[in-house]
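J.: Just passing along the structure, written as structure tokens.
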Amino acid sequence: MPDIRIKTPSLDLIFEKWKQKAARTDRKRMEKEFGTKGAVFSLDAVSGAEYVKDTMKEVAIYFAVKKSLGPAPKGKEENTVTAPRVSREQFYSFKGSGKINKEEWKGNEIVPQFESIQAVSCKTCRGKGYIENKCKMCKGTGKIEETFTVLVGEEQNKEKKPFTYPCGACYGTGNRTEPCKECEGHKNLYKYEELPVPFQTVVTGVPILQSSAQTKYEKEIGDDLHKMIEDIEGIRFNNFKELETKAEASLGYWNKNIKKTISSAGSDYKSYEKDKDAQITTQIYLFPMIQMYAETKRGKKFEIYSLGSGTKFMVYSNF
Ligand SMILES: [Zn+2]
Ligand SMILES: [Zn+2]
């Protein structure tokens, strides 16, 4: 890109454009503020030389960003829990309900989804729900063995005799079943996913404007530029480094505020570059901005701003 020196509009030109616009909007007011009692009011008599007290040369930096809102959250989380716990979870379903308006949505952006619930056979008990252990009572034999002392014959001699009966704890099987601690006897665990709410993607164009002039019009100017960027001439740059290097030479003037504005717009630009949901859709425009401090014949102070070059510029005013 060749070095471009941009020509700012002359003060007369700016004042003239403001004057015509103001007269079109409210001629009576112009007459009141600039007219002379007893004389026929003529716009020609209202001149910048007379009513502009001071001017400042400033800049505005503009670029546009396309920002998509939602489906913001990405990723998913998988949980595997017991049956009682899955029944306590709050599930959501978006099946057939279409995309969700993020503005209207109340609640988390990542939620458990009903359709994702899946039964997973418990590994600990192999899906049986219980664990078989040797019966502790009979040590796995299924029998309780006792030794009776029996009194034998007339002498009643003591004799030890074995006596066996089935174990009542395991019903004689030698095994006892206990509920599996992992699945709490429910045979399965339940797996489900927490997924992002399927928000509608809304893509909006956002104008980004920063100016070194202290103006209330940044929002208005930004919106205007967004609509008619071709009607205002600025210097275009492909990146901020280029802008920083060439700004002063292109403008032909410089001040501390301009330097500050460029660096703050630069960090804005960088954060949009990093933002996954944003996309910078224009080059970077540097506009000369003239700020004029004026006073009407009746002593009312007001400001006029011009934005753009001598050939294509716009005026704003708080008149
Ligand atoms: Zn037993
Ligand atoms: Zn189990």
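Position 215 (the sequence shown) corresponds to 238 in our numbering; numbering is contiguous.
Built from N, CA and C at the ideal position, the CB exists for glycine as well.
Keep in mind the model is a prediction, meaning the values are calculated, not measured.
1) Across which residues does DSSP place A142 in a beta bridge pair?
2) What's the gap between the Cα of P230 and the Cα of M312?
3) Curious, which full-length beta strand (DSSP E) runs of at least 3 residues does the region 183-228 contain?
4) What do you reckon, is the C-beta of C148 under 7 Å from a heavy atom of ligand 1?
5) What's the gap between the Cα of F310 and the Cα of G257?
6) Output needed for K242: all residues of its chain with C-beta closer than 6 Å, excluding positions within five of it in sequence on either side, in chain order.
7) Who are S286's beta bridge partners in DSSP?
8) In chain order, which continuous runs of the beta strand (DSSP E) of length 3 or greater are located wholly inside the region 232-310?
9) Among G58, A46, E182, which has the Cα closest to the Cα of T319?
10) Please report the residue range of the alpha helix (DSSP H) in which M53 lies.
11) Pick out whichever of V173, D291, K162, P107 has its Cα sitting closest to the Cα of K183.
12) Using a Cβ-based criterion (distance less than 7 Å to any ligand heavy atom), does G165 qualify as near ligand 1?
13) For S332, which of helix, strand or coil comes out of DSSP?
14) So what's P32 in DSSP terms, helix, strand or just coil?
15) Let's test the definition: count the other Cβ atoms within 10 Å of the Cβ of Y188 and tell me whether it reaches 16, buried, or not, exposed.
16) Can you give me the Cβ contacts of A288 inside the same chain, cut-off strictly under 7 Å, excluding the 5 residues immediately before and after it?
17) Mapping DSSP to helix, strand and coil, what is V109?
18) What is the C-beta distance between V109 and I133, in whole angstroms, given that I count them as a contact (C-beta under 8 Å)?
19) At the level of alpha carbons, what is the spacing between A317 and W41?
T.: The relevant details are as follows:
1) If you number the sequence shown from 1, residue 142 lands on position 119. In DSSP, A142 forms a bridge with Y213.
2) Counting from 1 along the sequence shown, the entry for residue 230 is found at position 207. Counting from 1 along the sequence shown, the entry for residue 312 is found at position 289. Rounded to the nearest angstrom, the two C-alpha atoms are 17 Å apart.
3) 198-202, 211-219
4) Along the sequence shown, one-based indexing puts residue 148 at 125. For ligand 1, not one heavy atom lies less than 7 Å from the Cβ of C148.
5) Translated into positions along the sequence shown, residue 310 becomes position 287. Translated into positions along the sequence shown, residue 257 becomes position 234. About 5 Å.
6) For the purposes of this step, residue 242 is identified with residue 219 of the sequence shown, where counting begins at 1. Its chain contains no residue whose beta carbon lies nearer than 6 Å to that of K242 once the 5 sequence neighbours on both sides are disregarded.
7) By 1-based counting over the sequence shown, the position of residue 286 is 263. DSSP, once it has assigned bridges, lists no residue as partnering S286.
8) 258-260, 301-303
9) For this step, residue 319 is matched to residue 296 along the sequence shown. Of the candidates G58, A46, E182, the one whose C-alpha sits nearest the C-alpha of T319 is G58.
10) Taking the sequence shown and counting its residues from 1, the one referred to as residue 53 is at position 30. Annotation: the continuous alpha helix (DSSP H) that includes M53 extends over 50-57.
11) Position 160 of the sequence shown, counting from 1, holds the residue named residue 183. The option with the nearest alpha carbon to K183 is V173.
12) As a position in the sequence shown, residue 165 is number 142, starting the count at 1. Yes.
13) Numbered from 1 along the sequence shown, position 309 holds the residue referred to as residue 332. Reduced to three states, the DSSP call for S332 is coil.
14) Residue mapping note: residue 32 aligns to position 9 of the sequence shown, counting from 1. Coil at P32, not helix or strand.
15) Here residue 188 refers to the residue found at position 165 when the sequence shown is read from its first residue. Label assigned to Y188: exposed.
16) Along the sequence shown, read from residue 1 onward, the residue named residue 288 stands at position 265. The residues are I84, Q233.
17) Indexing the sequence shown from 1 puts residue 109 at position 86. Correct three-state label for V109: helix.
18) Position 86 of the sequence shown holds residue 109. Position 110 of the sequence shown holds residue 133. With a Cβ gap of about 17 Å, V109 and I133 do not count as contacting.
19) Start at 1 with the first residue of the sequence shown, and residue 317 comes out as number 294. Start at 1 with the first residue of the sequence shown, and residue 41 comes out as number 18. One C-alpha to the other measures close to 12 Å.
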